[in-house]
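Everything on this sheet refers to the single structure shown next.
Number of protein chains: 2
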Amino acid sequence: MVYKEKTANFLRKANVSVGDLISASKENVNYEGMLLDRSGNSDDEHIVLKLDNGYNIGVGIDSCEIRLIEKGKPPKIEYSKIDIGKDPNKKDILIASTGGTVSSIIDYKTGAVHPALSANDLLKAYPQLLDLANIDVKEIYSILSENMKVEYWVNIAKSIRSEIESGVDGVVVAHGTDTMHYSSAALSFILETPVPIVFTGAQKSSDRPSSDSFINLMNSIGAASSDIAEVTVCMHDTLDDSYCSLHRGTKVRKMHTSRRDTFRSINNEPLANLKDGHISSINTNNYIKRNDRELNLRSSMEPKVAIVKSFPGITDDVINLYIDNNYKGLLIEGTGLGHLPNCILKTITRGIEEGMVIAMSSQCIYGRVNMNIYSTGRELLNAGIISCEDMTPETAYVKLSWALGQSENLEEVKNIMATNIVGELNNKTSLKHFLN
Amino acid sequence: MVYKEKTANFLRKANVSVGDLISASKENVNYEGMLLDRSGNSDDEHIVLKLDNGYNIGVGIDSCEIRLIEKGKPPKIEYSKIDIGKDPNKKDILIASTGGTVSSIIDYKTGAVHPALSANDLLKAYPQLLDLANIDVKEIYSILSENMKVEYWVNIAKSIRSEIESGVDGVVVAHGTDTMHYSSAALSFILETPVPIVFTGAQKSSDRPSSDSFINLMNSIGAASSDIAEVTVCMHDTLDDSYCSLHRGTKVRKMHTSRRDTFRSINNEPLANLKDGHISSINTNNYIKRNDRELNLRSSMEPKVAIVKSFPGITDDVINLYIDNNYKGLLIEGTGLGHLPNCILKTITRGIEEGMVIAMSSQCIYGRVNMNIYSTGRELLNAGIISCEDMTPETAYVKLSWALGQSENLEEVKNIMATNIVGELNNKTSLKHFLN
Numbered sequence: 000m001v002y003k004e005k006t007a008n009f010l011r012k013a014n015v016s017v018g019d020l021i022s023a024s025k026e027n028v029n030y031e032g033m034l035l036d037r038s039g040n041s042d043d044e045h046i047v048l049k050l051d052n053g054y055n056i057g058v059g060i061d062s063c064e065i066r067l068i069e070k071g072k073p074p075k076i077e078y079s080k081i082d083i084g085k086d087p088n089k090k091d092i093l094i095a096s097t098g099g100t101v102s103s104i105i106d107y108k109t110g111a112v113h114p115a116l117s118a119n120d121l122l123k124a125y126p127q128l129l130d131l132a133n134i135d136v137k138e139i140y141s142i143l144s145e146n147m148k149v150e151y152w153v154n155i156a157k158s159i160r161s162e163i164e165s166g167v168d169g170v171v172v173a174h175g176t177d178t179m180h181y182s183s184a185a186l187s188f189i190l191e192t193p194v195p196i197v198f199t200g201a202q203k204s205s206d207r208p209s210s211d212s213f214i215n216l217m218n219s220i221g222a223a224s225s226d227i228a229e230v231t232v233c234m235h236d237t238l239d240d241s242y243c244s245l246h247r248g249t250k251v252r253k254m255h256t257s258r259r260d261t262f263r264s265i266n267n268e269p270l271a272n273l274k275d276g277h278i279s280s281i282n283t284n285n286y287i288k289r290n291d292r293e294l295n296l297r298s299s300m301e302p303k304v305a306i307v308k309s310f311p312g313i314t315d316d317v318i319n320l321y322i323d324n325n326y327k328g329l330l331i332e333g334t335g336l337g338h339l340p341n342c343i344l345k346t347i348t349r350g351i352e353e354g355m356v357i358a359m360s361s362q363c364i365y366g367r368v369n370m371n372i373y374s375t376g377r378e379l380l381n382a383g384i385i386s387c388e389d390m391t392p393e394t395a396y397v398k399l400s401w402a403l404g405q406s407e408n409l410e411e412v413k414n415i416m417a418t419n420i421v422g423e424l425n426n427k428t429s430l431k432h433f434l435n
Numbered sequence: 000m001v002y003k004e005k006t007a008n009f010l011r012k013a014n015v016s017v018g019d020l021i022s023a024s025k026e027n028v029n030y031e032g033m034l035l036d037r038s039g040n041s042d043d044e045h046i047v048l049k050l051d052n053g054y055n056i057g058v059g060i061d062s063c064e065i066r067l068i069e070k071g072k073p074p075k076i077e078y079s080k081i082d083i084g085k086d087p088n089k090k091d092i093l094i095a096s097t098g099g100t101v102s103s104i105i106d107y108k109t110g111a112v113h114p115a116l117s118a119n120d121l122l123k124a125y126p127q128l129l130d131l132a133n134i135d136v137k138e139i140y141s142i143l144s145e146n147m148k149v150e151y152w153v154n155i156a157k158s159i160r161s162e163i164e165s166g167v168d169g170v171v172v173a174h175g176t177d178t179m180h181y182s183s184a185a186l187s188f189i190l191e192t193p194v195p196i197v198f199t200g201a202q203k204s205s206d207r208p209s210s211d212s213f214i215n216l217m218n219s220i221g222a223a224s225s226d227i228a229e230v231t232v233c234m235h236d237t238l239d240d241s242y243c244s245l246h247r248g249t250k251v252r253k254m255h256t257s258r259r260d261t262f263r264s265i266n267n268e269p270l271a272n273l274k275d276g277h278i279s280s281i282n283t284n285n286y287i288k289r290n291d292r293e294l295n296l297r298s299s300m301e302p303k304v305a306i307v308k309s310f311p312g313i314t315d316d317v318i319n320l321y322i323d324n325n326y327k328g329l330l331i332e333g334t335g336l337g338h339l340p341n342c343i344l345k346t347i348t349r350g351i352e353e354g355m356v357i358a359m360s361s362q363c364i365y366g367r368v369n370m371n372i373y374s375t376g377r378e379l380l381n382a383g384i385i386s387c388e389d390m391t392p393e394t395a396y397v398k399l400s401w402a403l404g405q406s407e408n409l410e411e412v413k414n415i416m417a418t419n420i421v422g423e424l425n426n427k428t429s430l431k432h433f434l435n
């Protein structure tokens, strides 16, 4: 058992061991499941249960009560200690994990690589992966992706930078799917990279029969070994396991709560498709190639930026709140081509006059903001609102946070927002990239 | 010229006439275009210009300065005064307009039928339409659709109710596209109807060469004459003019800023397709048929309901704002299956404890909220948050406003939210309805 001091004591007091069926109650929520072991480098705050539905959850022991329901046998997970050694003919790929639960290669929700994951473990679980590359693993965070924060992006970027400096040829970032597209956009802006950085995750954890984690991981390793040196997202393209798509990290969005092909390129086509761990087709030559640019961290991010979605009952209360709380940026999800009700125009103008940068995206998701056509749009432009053109609201939000971190000169910030930095903004929109 | 007293004086003083090229300056925005005539039943506050880009805009004369650039000839628009009479073999269809500019059958943005529109005008413009039905026209509102408000929905519903009581066999609601799906959802809940109510609009105004307005209007009249007695949206299904789709008013969303096939059924297939003003195929028998239900207005709506979208930098400030401003309902756009960062869970709980109804939808748009899988979701459910299942965020927002209007008993409101009322909530989601 690798539970540490505090959690080990907690379990000992309740007289439960790994493999037992137990109940854990916390804040009026009750969980029943098998107590799982944790890996050596886990925190000392959580125990992990395997629920009946097949999912694993971590439960913080703080104000948690547990009791034994039925004694069980500890699960046998024995990893051999063989040192595989490096194959000089293969690329060195790092799998960086941003979340952590046990018993999953990639967990559905956290994007966590099994925390105990080593090259040896991988060999045991999915030996095919080691045919593709020399693989090493690093755990950066251990959080649910809905808890991802602006400052964590910076730490992830720094951590990956040091690995690239140490010579890895590509990085796979295992990440929960909920906010993966926010994070892939953030890393795109923060880290100029000479090697591929590929985000991946899974919609079903790897201990479930129909998990998508292996295919996604295998193809992500393929993408990380490729010549496409951008921050990308590699996930299933179809409901079956036939192939994955590689999406530009700034032009992708989670579009379905549960389908494995949930990630879709928005206003773009995917950069490439992958099959069996290799690129099967490339859709464009318009990408940054390996070693085309120097490694460079541009890590300053402004956290006081918010998203406000327009809706028929909106009032200016919410705009006033952010102005009065000294927010530096506001990303509006307007309607249609980028519109807001007249009743909040005056407050938008006040925000801009007081130095807030306000940018307009569209809640349509697909297409391009165009505020030149109607009088309300023109009045917004005249007030100084910025058009986010064909960026998704999520990418525009991340970019605004980043742009405000790069300069204190508001004109410069506006200029950054209007300029394509890492493929997030197409100067021309083809109408054909819709619902693909 | 049909400009009335105030606007006519205003124009006379500047020595400009209909047909002249003029400039109009207002609030630092300058417009140049040809002065258009207005219809007899217009307000006395605006003048209308045709801009170079082909669009018409109304400019309020209050604090507006105009000057003549070049004299022109007034456009010749003469409508004959022939009374067509009713054909007893055809259905009586009302076209109810919610916006108003001149020179458009349906204006791109406002969804306005030409305010001077009469059966005679229609005959002149699109005589084919009168082959389909006996058509009458009514102007309910004259607003840009981004300015649509909760209380306007109620007035539109009341106005349509009285027309149905007077015997119309179907209603086409001409509406701006920006918020059409909010309005179609609202009317679905507010008005139980024994006849079809069909929302339509256009992405390009009818005076532009490639306008979609005629095809949409023709097929909407077909839908309003059909047996599908629900509130629906009828718009182009493809980029060409081949056919329109008829979407359930609660299961549709504007998904592209500018494509004519922007409206897509979400988690559903369209009810039917239409071609040449007639239903060409019906995709389901699961719809309410003509005269299946009595006319019934359920018009109480709670305006103090807001949409809050989750994002990585969100803090509980915005939740606190709505609680402290005594909002009755909050529609959350969570990530993935319906999640929020832990840091705002406590404030969500406070809101619910203080009597706010908080409901969870997903910013993925497609799919279904499921808060049972992960601990954060369970904690939210335990705190009393409601799952919006497979409703779009926009429909869930409208429904929450309506449900809070129907009952002051919070348990009843929650029950309404969890119950399918007008096809807005499927008990089973088929994975196949994705990006169709």
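Quick note, the sequences are listed as chains A and B, same order.
For the first sequence, numbering that gives the first Met the number 0 assigns the number 0 to the initial residue and increments by one for each residue that follows.
For the second sequence, numbering that gives the first Met the number 0 assigns the number 0 to the initial residue and increments by one for each residue that follows.
Even glycine gets a Cβ: it sits at the ideal position worked out from N, Cα and C.
For clarity, every value in this text was computed on a predicted model and none was experimentally measured.
According to DSSP, residue pairing for B:Met359 in a beta bridge involves B:Ile331 and B:Ser386. Assignment of B:Glu352 by DSSP, reduced to helix, strand and coil, places it in the helix class. With a 10 Å radius around the Cβ and a threshold of 16 neighbouring Cβ atoms, B:Asp260 comes out buried.
Considering only beta carbons, the part of the stretch 348–378 of chain A lying closer than 9 Å to chain B consists of Ser361, Gln362, Cys363, Ile364, Tyr365, Gly366, Arg367, Val368, Asn369, Asn371, Ile372, Tyr373, Ser374, Thr375, Arg377 and Glu378, in chain order. Shown here for B:Thr249: same chain residues with a beta carbon closer than 7 Å to its own, the five before and five after excluded, namely Ala184, Ser187, Thr394, Val421, Gly422 and Glu423 in chain order. Non-local C-beta neighbours of B:Asp226 in its own chain, meaning closer than 6 Å and more than five positions away in sequence, comprise Lys288 and Arg289, ordered along the chain. Taking 9 Å as the Cβ-Cβ cut-off, the stretch 238–264 of chain A approaches chain B at Leu238, Arg252, Lys253, Met254, His255, Thr256, Ser257, Arg258, Asp260, Thr261 and Arg263, given in chain order.
With 16 or more neighbouring CB atoms inside 10 Å of its own CB, A:Lys253 falls in the buried class. Residue state for B:Asp135 is assigned as strand, using DSSP reduced to three classes.
Taking C-alpha positions only, A:Tyr2 is separated from B:Ser374 by approximately 21 Å. Under the 8 Å criterion on CB atoms, B:Ser62 is classed as non-interfacial with respect to chain A. Within the same chain, Cβ atoms closer than 8 Å to the Cβ of A:His432 are found at Ser264, Ile265, Asn266, Asn267, Glu268 and Tyr365, the five residues on either side in sequence being excluded.
For chain A, the residues of the stretch 181–200 of chain B that bring a beta carbon within less than 7 Å of one of its beta carbons are Tyr181, in chain order. Here the C-alpha atom of B:Lys90 lies approximately 39 Å from the C-alpha atom of A:Ile313. Annotated three-state conformation of B:Val317 is helix, per DSSP.
In this chain, B:Leu294 is not harboured by any alpha helix (DSSP H), its DSSP state being neither H nor E. The beta carbon of B:Tyr396 sits closer than 7 Å to the beta carbons of Val304, Ile306 and Leu330 from its chain, once the five residues preceding and following it are set aside; these are given in chain order. Taking the Cβ atoms as the reference, B:Gly333 lies roughly 28 Å from B:Ser299, outside the contact range of under 8 Å.
Proximity of chain B to A:Asn27 at the Cβ level (cut-off 8 Å) is accounted for by Asn381, in chain order. Taking the beta carbon of A:Asn324 as reference, the chain B residues within 8 Å of it are Asp316, listed in sequence order. In this structure, the straight-line span from the alpha carbon of B:Leu294 to that of B:Leu403 is close to 22 Å.
The beta carbons of B:Leu129 and B:Gly71 sit no closer together than 8 Å.
Separation of the CB atoms of B:Tyr181 and A:Pro340 is rounded to 12 Å, and the pair is thereby denied contact status at 8 Å. For A:Leu34, no Cβ of chain B is located within less than 8 Å of the residue's own Cβ. Shown here, A:Met234 sits in a strand according to DSSP, grouped into three states.
The stretch 58–65 of chain A makes contact with the stretch 10–25 of chain A, as at least three CB pairs between them are under 8 Å. The beta carbon of B:Ile278 sits closer than 6 Å to the beta carbons of Ser225 and Ala271 from its chain, once the five residues preceding and following it are set aside; these are given in chain order.
At a cut-off of 8 Å between beta-carbon atoms, A:Met147 makes contact with chain B. Per the DSSP secondary-structure output, B:Asp91 pairs in a beta bridge with B:Asn133. In the structure shown, the three-state DSSP call for A:Ala402 is helix. B:Asp43 has its alpha-carbon roughly 7 Å from the corresponding atom of B:Glu4. Residue-level contact by beta carbon fails for B:Tyr140 and chain A, as no gap is shorter than 8 Å. At a cut-off of 8 Å, the C-beta of A:Thr394 has no neighbouring C-beta in chain B. The alpha-carbon of B:Asn146 is positioned some 8 Å away from that of A:Cys342. Judged by DSSP secondary structure, A:Ala417 falls within the alpha helix (DSSP H) whose first and last residues are Leu409 to Ala417. Contact of B:Leu339 with chain A by beta-carbon distance below 7 Å involves Glu145.
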